[in-house]
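**Q** The sequence shown runs 23 to 270 under this note's numbering. Please read through the structure below; I'll follow up with questions.
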Amino acid sequence: MFRTLLFFLLCAFSAASLAAGLKVGVSADYPPLIYKQDGRFVGIEADNATAVSGITGLQVTFVDMPFANLIPALQAGDIDVIMSGMSVTPERSEQVTFTDAYMEMGQMAIMTTENVGRFSQTWSIFRPGVRIGVEPGTTGAQFAASELKEAEVKQFKNSAAAFSALRSNAIDLYIHDAPTSWQLATATENSDLISMYKPLTEERLAWAVRKDDARLLGSLNDALRTMKGNGSLRYILNRWIPVTVEVR
23 MFRTLLFFLL CAFSAASLAA GLKVGVSADY PPLIYKQDGR FVGIEADNAT
73 AVSGITGLQV TFVDMPFANL IPALQAGDID VIMSGMSVTP ERSEQVTFTD
123 AYMEMGQMAI MTTENVGRFS QTWSIFRPGV RIGVEPGTTG AQFAASELKE
173 AEVKQFKNSA AAFSALRSNA IDLYIHDAPT SWQLATATEN SDLISMYKPL
223 TEERLAWAVR KDDARLLGSL NDALRTMKGN GSLRYILNRW IPVTVEVR
């Protein structure tokens, strides 16, 4: 009897929470996935949230915070869902429940245009002594540690620092996720840099909800299926990404 009562109380709480709107956690420093422009949230995830709002009827409120704080905020109930270009990993899956993936991408190798001849093929980055730049804590750093054991790996706090190292010939390649490479295709200030554009890893991007929020998980997956079926997801991705990506 108690378990039945508890179940209905949890369902009522979830329904009341959704009726009040959807608090979407983002880390708005990740173009073209999610960032701020003229004080507005823009990018793939911002458009995704707008589409979900139109399908579900839930009013969206963005809550901006550092990326590392997103999962703790979700678990604490400060936000309802994370929509911030988060890749699905086993470690994160122990803490949150992911929706179906809305995009597939991976880590890519960035170089100066002068080095295109040396690193035009994927196998070339596995040669001993190649100087690799990575950002600590990223899946790019994990890839370098596990797969490039004969490389000289250097850490950089952000992409700007790594780009400077590429230009000064301090490193040969910078391995970072696909959005960084996509930006190179449209940013004139980085015309001296180029990406290999062949992913080195396979990663899925998805939205995250609390482990116990099956109702919201179902609503989001239903909305995502609608977006895939009516072409709105493809439209959003094509709007922000200058190269072809996988959608499944």
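Where is the CB? At the ideal position from N, CA and C, for every residue including glycine.
Which term fits Y257, buried or exposed, when burial requires 16 or more other beta carbons within 10 angstroms of its beta carbon?
**A** Against the sequence shown, residue 257 aligns to sequence position 235. Under this definition Y257 is an exposed residue.
**Q** Quick one, are the C-beta atoms of I66 and T248 less than 8 Å apart?
**A** For the purposes of this step, residue 66 is identified with residue 44 of the sequence shown, where counting begins at 1. For the purposes of this step, residue 248 is identified with residue 226 of the sequence shown, where counting begins at 1. No, the Cβ-Cβ distance between I66 and T248 is not below 8 Å.
**Q** Cα-Cα, which of E169, Q59, V156, S106 is closest to A71?
**A** Along the sequence shown, one-based indexing puts residue 71 at 49. Considering only alpha carbons, the answer is S106.
**Q** With a threshold of 6 Å on Cβ separation, who are the neighbours of V14 within its own chain once the five nearest residues in sequence on each side are excluded?
**A** Examination of residue 14 is not possible in this model, given that the chain is present from 23 through 270 alone.
**Q** What would DSSP say about M249, mapped onto helix, strand or coil?
**A** By one-based count along the sequence shown, residue 249 stands at place 227. DSSP, reduced to helix, strand and coil, places M249 within a helical segment of the structure shown.
**Q** Apply the 10 Å Cβ neighbour rule to W204 and answer buried if 16 or more other Cβ atoms are within range, or exposed otherwise.
**A** Reading the sequence shown from its first residue, position 182 is the one you call residue 204. By the Cβ neighbour-count rule, W204 is buried, with 16 or more other Cβ atoms within 10 Å of its own.
**Q** Should the region 140-148 be called in touch with the region 241-255, which here means at least 3 C-beta pairs below 8 Å?
**A** Contact between the region 140-148 and the region 241-255 is absent, with fewer than three C-beta pairs closer than 8 Å.
**Q** Helix, strand or coil for E225, going by three-state DSSP, please let me know.
**A** In the sequence shown, residue 225 corresponds to position 203, counting from 1. E225 sits in a strand when the DSSP states are folded into three classes.
**Q** If contacts are defined as beta-carbon pairs under 8 Å, then Q129 and G155 qualify, I think. What distance do you get, rounded to the angstrom?
**A** Position 107 of the sequence shown holds residue 129. Position 133 of the sequence shown holds residue 155. The Cβ separation is near 12 Å, so there is no contact.
**Q** With a threshold of 16 other CB atoms inside 10 Å of the CB of D60, please say whether the residue is buried or exposed.
**A** To locate residue 60, count along the sequence shown from 1; it is residue 38. It is exposed - the Cβ of D60 has fewer than 16 other Cβ atoms within 10 Å.
**Q** Assuming E126 is part of the beta strand (DSSP E), what are its boundary residues?
**A** Taking the first residue of the sequence shown as position 1, residue 126 is located at position 104. Segment 125-127, the beta strand (DSSP E) holding E126.
**Q** Would you mind reading off the limits of the alpha helix (DSSP H) that contains I93?
**A** The residue you call residue 93 lines up with position 71 of the sequence shown. Where I93 is concerned, the enclosing alpha helix (DSSP H) stretches over 92-98.
**Q** Could you tell me the alpha carbon to alpha carbon distance between P264 and G99, rounded to whole angstroms?
**A** Working through the sequence shown from its first residue, we reach residue 264 at position 242. Working through the sequence shown from its first residue, we reach residue 99 at position 77. Each residue's Cα considered, the two are about 36 Å apart.
**Q** Can you tell me where the beta strand (DSSP E) with V110 in it begins and where it stops?
**A** By 1-based counting over the sequence shown, the position of residue 110 is 88. For V110, there is no enclosing beta strand (DSSP E), as DSSP marks it with neither H nor E.
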